[in-house]
Every structure is written in C-alpha cells, then in structure tokens.
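Quick note, the numbering used here runs 726 ahead of the 1-based positions in the sequence shown.
Yeah, the Cβ is synthetic: ideal placement off N, Cα and C, and Gly gets one too.
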Amino acid sequence: MLRFGVVGVAGFVVDAGVLTAAIALGLGPWLGRVLSYLAAATTTFALNRAWTFREAARARPVQQWALFLAVNLVGFAFNYGTYAALIAFIPMVAATPVLGVAAGSLAGLVGNFILSRRFVFGQGGNGRPSRN
727 MLRFGVVGVA
737 GFVVDAGVLT
747 AAIALGLGPW
757 LGRVLSYLAA
767 ATTTFALNRA
777 WTFREAARAR
787 PVQQWALFLA
797 VNLVGFAFNY
807 GTYAALIAFI
817 PMVAATPVLG
827 VAAGSLAGLV
837 GNFILSRRFV
847 FGQGGNGRPS
857 RN
C-alpha cells in the first residue's frame, strides 16, 4: 500500500500539472479534469506495473491498461465526484482547482488499490481475482 501511495503522489503531480495546463489553454476545469485524470491514470498504471506490482505475472500491457482503467472507474467516480462537488460548491476550490484534485485523489485511493491489486495485477492481469 505504501508503494501505491507513493505512485499516487506522482499521479497527483501529473493530474494537477495537466489540469493547470488545460485550464491555461482554455479547456476549463471540467474537460481539463477529464484529460488530467486520464494522464494521471496512465502514469500510475505504468508506475504500479513497474514498481508496486512488479512481481505480478504480466498480461499484455495494452489489455492490462484497459483493465486498469475499467476497474478504476469506481475510484474515478469517487475522485471526479468529489472534485466536481467541491468545484461547484466551494468557491475557494473553484478558484484553486488543484485542491479539488487532491481531495478527489484521496477519495479514490483505497478503492483503486484494492481493485487494482485484486483484478488488474493479480492472476496475471486477466481480470480474475487474486487470492490475496
């Protein structure tokens, strides 16, 4: 879980950086957040695959990435839902969307770890639950 958390911090940096760039380019906090989440999810997948769950048997990377995104939709719902609610209802977060990214990241962390360990990186990343 510690490695997953460290990878999550790296994902947060990517998420916040891409969101900041997207807003600066005029994409706004809503579309910018979708793009930043995809960039962060791709980064965390690669880092988790290489470091956190490196001992796990390997499926084909593209299939495993797609499975990672699919099972992490639960975490995305908590992540984006928290972000959207804070942006919509808390003026300070609307003015500084990175605060919403941080809160959303925390909201999705535990579920993403459990689902990733069990379905993506367990049993060779083939979608079957691991025995852990």
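Asked                                                                                                                                                               : Found
Could you tell me whether the Cβ atoms of V760 and Y806 are closer together than 9 Å?                                                                               : yes
Relative to the C-alpha of P787, which candidate in L799, F804, V800 and T769 has its C-alpha closest?                                                              : T769
From L859 to V846, what distance separates their C-alpha atoms?                                                                                                     : Examination of residue 859 is not possible in this model, given that the chain is present from 727 through 858 alone.
Please state whether the Cβ-Cβ distance between S831 and D741 is less than 9 Å.                                                                                     : yes
Under the rule that 16 or more other beta-carbon atoms within 10 Å means buried, what is N858, buried or exposed?                                                   : Because the pLDDT at N858 is just 44, under 50, the model does not fix this residue reliably, and the point stays unresolved.
Within 10 Å of its beta-carbon, does Q790 have 16 or more other beta-carbons around it, so buried, or fewer, so exposed?                                            : buried
Alpha carbon to alpha carbon, how far is N838 from V797? Give it in angstroms, no decimals.                                                                         : 8 Å
To which residues of the same chain is T778 closer than 6 Å at the C-beta, ignoring the five residues directly before and after it?                                 : R729, F730 and V733
The alpha helix (DSSP H) with S831 in it runs from where to where?                                                                                                  : P823 to L841
Kindly provide the ranges of any alpha helix (DSSP H) runs that are 4 or more residues long and lie completely inside the stretch 783-815, ordered along the chain. : 787-797 and 799-815
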